[in-house]
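The working numbering applies: residue 951 is where the sequence shown begins, and numbers increase by one.
Think of the CB as a built atom: it goes at the ideal place given N, C-alpha and C, for glycine as much as any other residue.
Keep in mind that this is a model prediction, so the values were computed, not measured.
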Amino acid sequence: MSLQLNRAVFGDEADKGNVLTRAEAETLFNTWVLNTRLQLHMRQVGNLMKCWAAEKEGLDEAGQWRWEMAGLLHDADWDQWPNQHCRKIIEELEARHVDPEIIRAIASHGPVHFGVEPVTNMDKMLFAFDELSGLVHAYALMRPGGYEGMDVKGVKKRLKEKSFAANVSRDDINDACTRAAIALDDLIAFIIPRQALVV
Ligand SMILES: [Fe+2]
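1. Would L984 be called buried (16 or more neighbouring beta carbons within 10 Å of its own) or exposed?
2. Can you tell me the Cβ-Cβ gap for L1043 and H1059, rounded? I've got them flagged as a contact below 8 Å.
3. Give the C-beta separation of D1122 and E1081 to the nearest angstrom, bearing in mind that I take them to be a contact with Cβ-Cβ under 8 Å.
4. What does the shell around ligand 1 hold, if a residue joins when its beta-carbon is under 5 Å from any heavy atom?
5. So, for W982: in the same chain, excluding its five sequence neighbours on each side, which residues have a beta-carbon less than 6 Å away from its beta-carbon?
6. When you compare the CB positions of A1126 and G1084, do they come within less than 8 Å of one another, or not?
7. I need the DSSP call for M992, collapsed to helix, strand or coil.
8. Quick one: what does DSSP say T1070 is sitting in, helix, strand or coil?
9. Please report how far the alpha carbon of D1029 lies from the alpha carbon of H991, in whole angstroms.
10. Could you spell out where the alpha helix (DSSP H) holding E1111 opens and where it closes?
11. Can you tell me which of the three DSSP states W1031 falls into?
12. Would you check if there are 3 or more beta carbon pairs closer than 8 Å linking the region 1093–1107 to the region 1039–1054?
13. Which of helix, strand or coil does DSSP assign to R1054?
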């Protein structure tokens, strides 16, 4: 089964600036994603995207929502239609005339799988947060105190253990850091306290 999208253009430039309202996005999220673990993952990535947009990109609330929306919906079709991941959510957002920047970010969140390179900062950070967020959460679940007292060193140790959260691609994490030009330590340090708020 190939998930390659074999496309380079996503959305319509005429739709630039269009977003779903939070209520519309939540309805899509709750209808499409029934698996609560996946829901949490998507909410965590959405929150990290929002925090990054606010703190590092200096975007206003509307800009933050664009970033959050990309994170919140990036795996929306994975639960019920894994064979159509992420083609189905892309086509849905295109049909709803969503801003091409948001659709493109979702399309490029797995360059190896979908064959779309992350280009914009939104693309790159979605790719960077996706895998690492999952590993950090898996680590929190095995710690008695959860996120309490978690540090960068501990996360890096888990990263080196190939058997820990084995489905998390270490190659993707390293590749994403290189593309986003961010040190792994800095990315982990950004994720821990912010993700701790969405559990
Ligand atoms: Fe994901």
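This is what the structure holds:
1. Translated into the one-based positions of the sequence shown, residue 984 becomes position 34. The residue is exposed, with fewer than 16 neighbouring Cβ atoms inside 10 Å.
2. Translated into positions along the sequence shown, residue 1043 becomes position 93. Translated into positions along the sequence shown, residue 1059 becomes position 109. Their Cβ separation, rounded to whole angstroms, is 13 Å, which puts L1043 and H1059 out of contact at 8 Å.
3. In the sequence shown, counting from the first residue as 1, residue 1122 sits at position 172. In the sequence shown, counting from the first residue as 1, residue 1081 sits at position 131. The C-beta distance from D1122 to E1081 rounds to 5 Å, short enough to fall under 8 Å.
4. In chain order, the residues that have a beta carbon nearer than 5 Å to some heavy atom of ligand 1 are D1025 and D1080.
5. Indexing the sequence shown from 1 puts residue 982 at position 32. Hits under 6 Å: A1026.
6. Taking the sequence shown and counting its residues from 1, one reaches residue 1126 at position 176. Taking the sequence shown and counting its residues from 1, one reaches residue 1084 at position 134. Pairing A1126 with G1084 gives a Cβ-Cβ distance that is not under 8 Å.
7. Reading the sequence shown from its first residue, position 42 is the one you call residue 992. Taken through DSSP and simplified to helix, strand or coil, M992 comes out as helix.
8. Working through the sequence shown from its first residue, we reach residue 1070 at position 120. Coil, per DSSP.
9. By one-based count along the sequence shown, residue 1029 stands at place 79. By one-based count along the sequence shown, residue 991 stands at place 41. Going by the C-alpha atoms only, they are around 12 Å apart.
10. What you label residue 1111 is simply residue 161 of the sequence shown in a count that begins at 1. Careful: E1111 lies outside any alpha helix (DSSP H) and carries neither H nor E.
11. By 1-based counting over the sequence shown, the position of residue 1031 is 81. Note: W1031 maps to coil in three-state DSSP.
12. no
13. By one-based count along the sequence shown, residue 1054 stands at place 104. Helix.
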